[in-house]
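Report on one structure; see the data block that follows.
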Amino acid sequence: DAKTTQPNSMESNEEEPVHLPCNHSTISGTDYIHWYRQLPSQGPEYVIHGLTSNVNNRMASLAIAEDRKSSTLILHRATLRDAAVYYCILNNNAGNMLTFGGGTRLMVKP
Amino acid sequence: DSGVTQTPKHLITATGQRVTLRCSPRSGDLSVYWYQQSLDQGLQFLIQYYNGEERAKGNILERFSAQQFPDLHSELNLSSLELGDSALYFCASSVAPRQAMNTEAFFGQGTRLTVV
Chain A
93 DAKTTQPNSM
103 ESNEEEPVHL
113 PCNHSTISGT
123 DYIHWYRQLP
133 SQGPEYVIHG
143 LTSNVNNRMA
153 SLAIAEDRKS
163 STLILHRATL
173 RDAAVYYCIL
183 NNNAGNMLTF
193 GGGTRLMVKP
Chain B
20 DSGVTQTPKH
30 LITATGQRVT
40 LRCSPRSGDL
50 SVYWYQQSLD
60 QGLQFLIQYY
70 NGEERAKGNI
80 LERFSAQQFP
90 DLHSELNLSS
100 LELGDSALYF
110 CASSVAPRQA
120 MNTEAFFGQG
130 TRLTVV
């Protein structure tokens, strides 16, 4: 299975942009890149996903490198509510489930 | 609110006992997934059902079983409980049979199981 590598933790100041990186050098051509986040004491929450092109939605933007070996989740203005563990996930080859790694714990300072 | 409902929210039971966790998926979602999250293991996929049939199995112990009923709700049964089974158990649902492709999954708030 294709694997992702994320920093264990990152810090950000409130109302500043946050760039969360993810490396996935063994990604295959049909793997979608998904991002989920998990707020404290809650279940994971879908953030965004993409295949090749950059994607935007109301929560975030996803920038995908041209060679698709890395991607960056961008939160345009971090709020305290964005403090969470962010998971970068690739499509499992079996396609049946999301395989979660360790994720990046984002801390937002007021 | 994801639309996925899990009950109970908290459960405390003794070793050796059996418990049942319940999940109601979002309206219209045919796939239900169960995950276990413990402090040292992270989120681990256990099992998936699609429209009543088992679709995929992860690291699910033989003491654990699940089923999906005709109304699409699902139950996860945990038996002969051990201290190490203490964890958060999450249910997720999606409309598609394959969760990880071009669809998003919706997770419930989880059931916190404590085995004493």
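Here the protein sequences line up with chains A and B, keeping their order. Residue numbering for the first sequence follows the numbering used here, starting at 93 and increasing by one per position. Residue numbering for the second sequence follows the numbering used here, starting at 20 and increasing by one per position. In this text, a Cβ means the ideal position worked out from N, Cα and C, and glycines have one as well.
By the Cβ test, the segment 80-95 of chain B is not in contact with the segment 100-109 of chain A, since fewer than three Cβ pairs between them sit closer than 8 Å. Counting only residues of its own chain and dropping the five nearest sequence neighbours on each side, residue 115 of chain A has a CB closer than 8 Å to the CB of 96, 97, 98, 161, 162. Ranked by Cα distance from residue 149 of chain A, the first of A/158, A/138, A/159 is A/138. Per DSSP, residue 29 of chain B is one residue of the beta strand (DSSP E) stretching across 29-32. Under the Cβ criterion of 8 Å, residue 112 of chain A is not counted among the residues facing chain B.
By the C-beta criterion, the segment 66-73 of chain B is judged to be in contact with the segment 38-55 of chain B, since at least 3 inter-stretch pairs fall below 8 Å. Cβ proximity to chain A below 7 Å picks out 52, 61, 62, 64, 67, 74, 75, 77 from the segment 52-78 of chain B.
Counting only Cβ-Cβ distances below 9 Å, residue 194 of chain A has contacts in chain B at 61, in chain order. Using a Cβ-Cβ cut-off of 8 Å, residue 21 of chain B counts as an interface residue toward chain A, since at least one Cβ of chain A sits closer than that to its own.
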